[in-house]
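Take a look at the structure set out below.
Here it is as structure tokens:
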């Protein structure tokens, strides 16, 4: 079964290259993912297909008009009945791995609206299911944020990743950052691959990776670490030094 996604944007060409490459491109070729790029300008009326106008009350910048945007949303909903329609916006809740899992389970699919300019007319909101933010920073438009959401969600669709274990062992899946990775050569400019990874002792390797994931989270994301609940085994592991693993 293909997971359907539709992106509503003023710049579909900006998105096409990324969506057609690598894992996302292969997922579409296999029929596991279906992505439609819809140009909101196609729903604007008049010779010049205007999609923005000056804000009521004055102020800098322009605002996306409600007529073409709502028409595009309604057309997308007709194609994807039951899909969740979200506006990429800094007002929305922050997108997390948990959000990605929730959206991936929503088999009816996803409609993402890419805002531009100073934002969209507030009267568009009743035609959406909500808003979604990538974080506390400002982008020129919602396209980059929408690509991040599609990428994260698509990886969780069954069959998209060649190794299904990959999506389970990645950062944030357990609330932890991921352990470090190494590949050949064994020595690069004087830096060696940790001996434990070359030992062939899989139990010891698993302990080292778990220890590293916990330690990295503690050092680099204390906010995540503070929310974690560790098992007794993890607590014992955390108390050990790396050499004792």
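Residue numbers (the numbering used here): 203 to 447. Using N, Cα and C, we set each Cβ at its ideal position, and we do this for glycine too.
Output the distance between the C-alpha atoms of residue i and residue j, rounded to the nearest integer angstrom.
i	j	result
residue 350	residue 414	27 angstroms
residue 367	residue 249	For residue 367, the predicted model reports a pLDDT of 45, less than 50, meaning its position is unreliable and no value from the coordinates is stated.
residue 146	residue 424	With the chain represented from 203 up to 447, any question about residue 146 goes unanswered, as that position is not in the structure.
residue 446	residue 306	40 angstroms
residue 308	residue 295	18 angstroms
residue 359	residue 205	7 angstroms
residue 361	residue 229	8 angstroms
residue 224	residue 400	30 angstroms
residue 327	residue 275	11 angstroms
residue 352	residue 407	33 angstroms
residue 301	residue 346	17 angstroms
residue 389	residue 395	6 angstroms
residue 256	residue 385	54 angstroms
residue 215	residue 442	52 angstroms
residue 419	residue 376	11 angstroms
residue 221	residue 391	36 angstroms
residue 285	residue 329	12 angstroms
residue 313	residue 416	36 angstroms
Can you tell me whether residue i is buried or exposed? The criterion is at least 16 other CB atoms within 10 Å of its CB, across all chains shown.
i	result
residue 258	exposed
residue 237	buried
residue 344	buried
residue 291	buried
residue 405	exposed
residue 429	exposed
residue 262	exposed
residue 208	buried
residue 218	exposed
residue 432	exposed
residue 311	buried
residue 440	exposed
residue 340	exposed
residue 354	buried
Measure how close the beta-carbons of residue i and residue j come, nearest whole angstrom, since I'm counting them as under 8 angstroms.
i	j	result
residue 288	residue 331	6 angstroms
residue 253	residue 267	6 angstroms
residue 411	residue 381	4 angstroms
residue 264	residue 320	6 angstroms
residue 270	residue 242	5 angstroms
residue 422	residue 379	6 angstroms
What does DSSP give as the partner residue(s) for residue i in the beta ladder?
i	result
residue 393	390
residue 332	288
residue 208	238 and 313
residue 266	254 and 322
Ranges of the beta strand (DSSP E) found wholly within the segment 274 to 324, counting only runs of at least 3: Annotation note: the segment 274 to 324 contains the following uninterrupted beta strand (DSSP E) runs of length 3 or greater, listed N- to C-terminal: 286 to 290 and 312 to 316.
Length at least 4, wholly inside the segment 405 to 443: the alpha helix (DSSP H) runs in chain order: List check, alpha helix (DSSP H) in window: 424 to 427 and 434 to 440.
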